[in-house]
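Reviewing the structure listed below.
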């Protein structure tokens, strides 16, 4: 069952994770904190009638926490961060250029395409502009155009396999990928897989230094996440995220 969660509950969930994995927390202290967070997440599920999945890693101490971290959840619009990363990887390999323009007509427009709708029938948008619109505004047409540039959902899934993600899969485009039916593995990932893949993309060697920097800049510039994880984390943190929401009430961040 999808999770219907209020802003206050999202704030509480993210806030309870912060002290459990604060920088410098001794490894032996993590067990008690994990137990407390796990119980509070269970209580939150009971109150909302939904299902939560969480995976967190402190990169400095290597302390991790997971809750239903190996269960599948719909990605919804979080796939757009992966699509932008795939485009950046293609640029690194000389297979794509960030300044290449893609022209398109009004037939590509979908609900919530506030950036792409301004460029219909004109000079189009560059790959870089599509990536930025897809991540920072969650422009749906931009997400689909990015997918189309490298072979669609199957192209993204194949690239994920090539970087060691054997879990995450994209099967459809916007808006169908947001269906999020219980038990349907299409267009899903697990919190653990997404954590590992994002770590490789933002901090690892999958992308060049320029590619990593550009991806992180787009994630930090995201404008759709203020009422989610950002709401429960310290204001002085530099936070990069990508949100996703389905019509059934499923929420991903």
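Residue numbers (full-length UniProt numbering): 1 to 253. Don't be surprised by glycine CBs; every beta carbon is placed ideally from N, CA and C.
Just mark residue 221 as buried or exposed, buried being the case when its beta carbon has 16 or more other beta carbons within 10 Å. Exposed, since its Cβ has fewer than 16 Cβ neighbours within 10 Å.
Output the distance between the C-alpha atoms of residue 50 and residue 125, rounded to the nearest integer angstrom. Cα to Cα, residue 50 sits roughly 39 Å from residue 125.
Spatial neighbours of residue 91 in its chain, beta-carbon cut-off 8 Å, leaving aside the 5 residues before and after: Excluding the 5 residues flanking it on each side, residue 91 has same chain C-beta neighbours closer than 8 Å at 97, 98, 127 and 211, in chain order.
Between which two residues does the alpha helix (DSSP H) harbouring residue 57 extend? In the DSSP assignment, residue 57 falls outside any alpha helix (DSSP H) and within the unbroken beta strand (DSSP E) covering 54 to 57.
Which residue or residues does DSSP assign as beta-bridge partners of residue 125? In the DSSP output, where bridge partners are listed per residue, residue 125 has 102.
Per DSSP, which residues does residue 65 bridge with? Please list them. Residue 65 is bridged to 56.
Taking C-alpha atoms, which residue in 48, 114 and 87 lies nearest to residue 223? Checking every option, the nearest Cα to that of residue 223 belongs to 114.
Measuring straight from C-alpha to C-alpha, what distance separates residue 136 and residue 219? Cα to Cα, residue 136 sits roughly 7 Å from residue 219.
For residue 116, which residues of its own chain have a beta-carbon under 6 Å away from its beta-carbon, when the five flanking residues on both sides are left out? Within the same chain, 139, 141 and 142 come within 6 Å of residue 116 by CB-CB distance, once the 5 residues on both sides are set aside.
Kindly indicate which residue of 42, 65 and 40 has the alpha-carbon position closest to the one of residue 196. With distances taken between Cα atoms, residue 196 lies closest to 65.
Does DSSP put residue 79 in a helix, in a strand, or in coil? In this structure, residue 79 counts as helix in the three-state DSSP scheme.
If you drop the 5 nearest sequence neighbours on each side, which residues of the same chain put their C-beta closer than 6 Å to that of residue 77? Result list for residue 77: 138 and 244, in chain order.
For residue 38, which of helix, strand or coil comes out of DSSP? In the structure shown, the three-state DSSP call for residue 38 is helix.
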